[in-house]
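Numbering (the UniProt record's numbering), first residue to last: 1 to 314. Backbone N, C-alpha and C fix where the C-beta goes; we use that ideal spot for every residue, glycine too. Owing to the predicted nature of the structure, the values given are computational and were not obtained by experimental measurement. Have a look at the structure below, then the notes.
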């Protein structure tokens, strides 16, 4: 497993909510357990572990792609346990994939301005539904208003923001000003508003913050929604459902496929984090069970290159 350790910097290029990088790899003999650090979970904004499972699945897919391109025969075996999703282990043959290490390194997320234009229908996507951006602008504003008005959610988000160059974890993890496409003035204003949140909340700060996101979808573009399989008994308990990382693996493949075509994505999953907007979105998509909505992101071509996110070094 030594060669596996050497590839870890590329494994850690997988996406995660708030760029928390929650994954862990624990080596034992000829296997490596894929787990997560609870200190890097988001218990307030992701109480059911949906985003954590997606992140773990993306990490697994990233590991398999990188290993295959490096000539290693590695497979993944789901085996949920305490703080564990499963194991990477030696296999008889390489993982079959069309992607490479170069594809993994090239993928970025971008919050900046996108060129107008819809995603071609012929682009193959696994388990994803498409909607015009403007059709979801009302839901995004409503969800942002709810989240920015919640003290606990705002406090959790603030702990992952890196809005100053002096922040001790600026280059390790979290959401920096460049990754959020903020100018220095905008980053300063956001820092000040969050620092004074208790007082400004009563003066209407949540409405100001929610209004700032309106322009994100005010153009002719697409939003993608990942819809998972329906289950008769969908577990809400994270520990019971951690084996299901397959949607996250599909999400990683979709992002790599789009990146190879010159497209960038940016998550807007706050729309499904709030129950009322999640139900409305499910109704608009004709989806019977709102719980099967797993991820929301806008997609397009950036007008300027995206800043790379901070990378936690293993």
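{"Check": "Run of the alpha helix (DSSP H) containing residue 57, from where it starts to where it stops", "Outcome": "50-69"}
{"Check": "Counted within 10 angstroms of its Cβ, other Cβ atoms place residue 237 as buried (16 or more) or exposed", "Outcome": "Reliability fails at residue 237, whose pLDDT of 46 lies under 50, so the model's placement of it is uncertain and the value that follows must be treated cautiously. Flag for residue 237 reads exposed."}
{"Check": "Simplified DSSP state of residue 277, which is helix, strand or coil", "Outcome": "helix"}
{"Check": "Buried versus exposed call for residue 93 [16 or more other C-beta atoms within 10 Å across all chains shown]", "Outcome": "exposed"}
{"Check": "Assigned exposure category for residue 151 - 16 Cβ within 10 Å defines buried", "Outcome": "exposed"}
{"Check": "Pick from 275, 52, 28 that is closest to residue 39, judged by C-alpha positions", "Outcome": "52"}
{"Check": "Residues near residue 11 in its chain [Cβ-Cβ closer than 8 Å; skip 5 each side]", "Outcome": "23, 25, 59, 62, 63, 66, 314"}
{"Check": "Helix, strand or coil at residue 35 [DSSP, three-state]", "Outcome": "strand"}
{"Check": "Cα-Cα separation, residue 247 to residue 279", "Outcome": "20 Å"}
{"Check": "Exposed unless 16 or more other CB atoms sit within 10 angstroms - verdict on residue 28", "Outcome": "exposed"}
{"Check": "Rounded straight-line distance, which links the Cα of residue 13 to that of residue 235", "Outcome": "Its pLDDT being 47, under 50, residue 235 is placed unreliably by the model, and the measurement read from it follows with that caveat. Straight-line Cα distance between these residues: approximately 29 Å."}
{"Check": "Selected residue, minimal CA-CA separation from residue 218, among 140, 43, 16, 123", "Outcome": "140"}
{"Check": "Per-residue burial, residue 297 [other beta carbons within 10 Å of its own, 16 or more giving buried]", "Outcome": "buried"}
{"Check": "The stretch 175-191 in contact with the stretch 155-167 per 3-pair CB rule at 8 Å", "Outcome": "yes"}
{"Check": "Opening and closing residue of the alpha helix (DSSP H) in which residue 153 lies", "Outcome": "151-158"}
{"Check": "Cβ contact check for the stretch 222-232 and the stretch 125-143: 3 or more pairs under 8 Å", "Outcome": "yes"}
{"Check": "Three-state secondary structure assigned by DSSP to residue 2", "Outcome": "helix"}
{"Check": "Burial state of residue 300 (16 or more Cβ within 10 Å)", "Outcome": "buried"}
{"Check": "Backbone secondary structure at residue 179 - three-state DSSP", "Outcome": "coil"}
{"Check": "Where residue 203 falls, given that 16 or more other Cβ within 10 Å makes a residue buried", "Outcome": "Because residue 203 carries a pLDDT of 44, less than 50, the predicted location of this residue cannot be relied on, and the following value inherits that uncertainty. Answer is exposed; the Cβ neighbour count stays below 16."}
{"Check": "Residue 239 versus residue 37: straight-line alpha-carbon distance, rounded", "Outcome": "Residue confidence is low: residue 239 scores 41 on pLDDT, short of 50, so the model does not pin down where it sits. Its coordinate-derived value is still stated next. Residue 239 and residue 37: Cα-Cα distance of roughly 13 Å."}
{"Check": "Helix, strand or coil at residue 11 [DSSP, three-state]", "Outcome": "helix"}
{"Check": "Three CB pairs or more closer than 8 Å across the stretch 98-107 and the stretch 273-292", "Outcome": "no"}
{"Check": "For residue 18, three-class secondary structure by DSSP", "Outcome": "helix"}
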